[in-house]
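Take a look at the structure set out below.
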Amino acid sequence: RGTADLAGLRILLSAGGTREPLDPVRFLGNRSSGKQGVALAEAALSRGATVTLVTAHLEVPVPGGAEIHPVETAEQLRTEMNALLGGADIVIMAAAVADYRPREVAEGKIKKDATGDVLTLELVKNPDILAELAANRAPGQVVVGFAAETAGSREELLELGRTKAARKRADYLVVNRVGWTEGFATDGNTVVVLDGAGHIVIEATGSKLSVAHSILNVLAEAGRSNHQ
Ligand code: C5P
């Protein structure tokens, strides 16, 4: 692609997996590699967009040319995204955010001698950042979420996606199937993009970079029509 069809568009993007500390040396994390989010950033940059990338834990290097804001926890990601929201035309929450965090973070390393054979952790729910951003957005800002599901059938996957799109009030939801061998650390991806009403806008399969371009084709239209 040699076009700069996203020139002038400001994209705020989160990528990677959050980590919730248990003590100074341990955390609860997830298998997100950040590859799809980073591919989105690369694709957007190559098409002339301005990209602000809020990075939780990534297994891949950050793209050159993006403004990078590193974070660790869901709470930090939330603070950063809310602070940056005002300067964005399009907001994409590609990060895998921990649904729960430990209620207490131990000041010192948790010792097995002190805790015995069974250790019970108490977890509290993290705020839903995507839903919050969608609720706080200014008119014209486009908000996009991801839904990684382990659903068996395609219909089940789409139904989960529709419910989630409605609950989060995002303009678009990118739904993909994940499991032990697909989705997270892989180089390819298959996604269905739903609009806020749960209707299929596009489906795309291919490398994470080509899927990123397909997603951006949808957003280019939406962002542009709101921009003018
Ligand atoms: O509800 P679920 O975690 O499946 O939703 C996934 C989407 O919501 C992703 O876009 C993710 O970045 C976002 N999310 C969030 N805050 C959370 C959990 C998920 O913004 N606490």
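For the UniProt record's numbering, add 186 to where a residue sits in the sequence shown, where the first one is 1. By construction, the Cβ of each residue, glycine as well, lies at the ideal position given by its N, Cα and C atoms. None of the values given here were measured: they were computed from a predicted structure.
Quick one: using the 10 Å Cβ neighbour count with 16 as the cut-off for buried, is residue i buried or exposed?
i: Arg353; result: exposed
i: Leu192; result: buried
i: Asn375; result: buried
i: Pro313; result: exposed
i: Leu307; result: exposed
i: Ile276; result: buried
i: Glu228; result: buried
i: Ile401; result: buried
i: Val328; result: buried
Could you check the C-alpha separation between residue i and residue j for me, to the nearest Å?
i: Lys221; j: Glu206; result: 20 Å
i: Gly251; j: Leu231; result: 7 Å
i: Glu290; j: Leu309; result: 8 Å
i: Leu199; j: Ala324; result: 17 Å
i: Gly331; j: Gly203; result: 14 Å
i: Arg196; j: Ala408; result: 13 Å
i: Asp209; j: Thr265; result: 22 Å
i: His385; j: Val240; result: 29 Å
i: Tyr286; j: Lys311; result: 4 Å
i: Ala269; j: Met279; result: 14 Å
i: Val397; j: Val257; result: 25 Å
i: Val404; j: Asp381; result: 10 Å
i: Gly326; j: Ala406; result: 13 Å
Could you pull the start and end residues of the beta strand (DSSP E) that residue i belongs to?
i: Ser393; result: Ile386 to Ser393
i: Asn375; result: Gly374 to Asp381
i: Leu199; result: Arg196 to Ala201
i: Arg363; result: Tyr358 to Arg363
i: Asp299; result: Where Asp299 is concerned, there is no enclosing beta strand (DSSP E), although the alpha helix (DSSP H) it sits in stretches over Lys298 to Thr301.
Would you mind reading off the limits of the alpha helix (DSSP H) that contains residue i?
i: Leu316; result: Ile315 to Asn322
i: Ala284; result: No alpha helix (DSSP H) holds Ala284; DSSP gives it neither H nor E.
i: Glu335; result: From DSSP, Glu335 is part of no alpha helix (DSSP H) but of the beta strand (DSSP E) over Val328 to Glu335.
i: Val246; result: No alpha helix (DSSP H) contains Val246, which DSSP labels as neither H nor E.
i: Glu261; result: Ala260 to Leu270
Measure how close the beta-carbons of residue i and residue j come, nearest whole angstrom, since I'm counting them as under 8 Å.
i: Lys350; j: Ala225; result: Contact doesn't hold; Cβ gap of about 22 Å is too wide.
i: Glu341; j: Val361; result: At roughly 12 Å, the Cβ-Cβ gap does not stay under 8 Å, so Glu341 and Val361 are not in contact.
i: Val246; j: Ser218; result: Not quite, the Cβ-Cβ distance comes to about 11 Å (not below 8 Å), so this is no contact.
For residue i, would you say it is in contact with chain D, using Cβ-to-Cβ distances shorter than 8 Å as the test?
i: Gly294; result: Although the question refers to chain D, the structure presented lacks it and comprises just one protein chain.
For the pair the stretch 345–363 and the stretch 309–318, tell me if three or more CB-CB distances fall below 8 Å.
Result yes; three or more Cβ-Cβ pairs closer than 8 Å.
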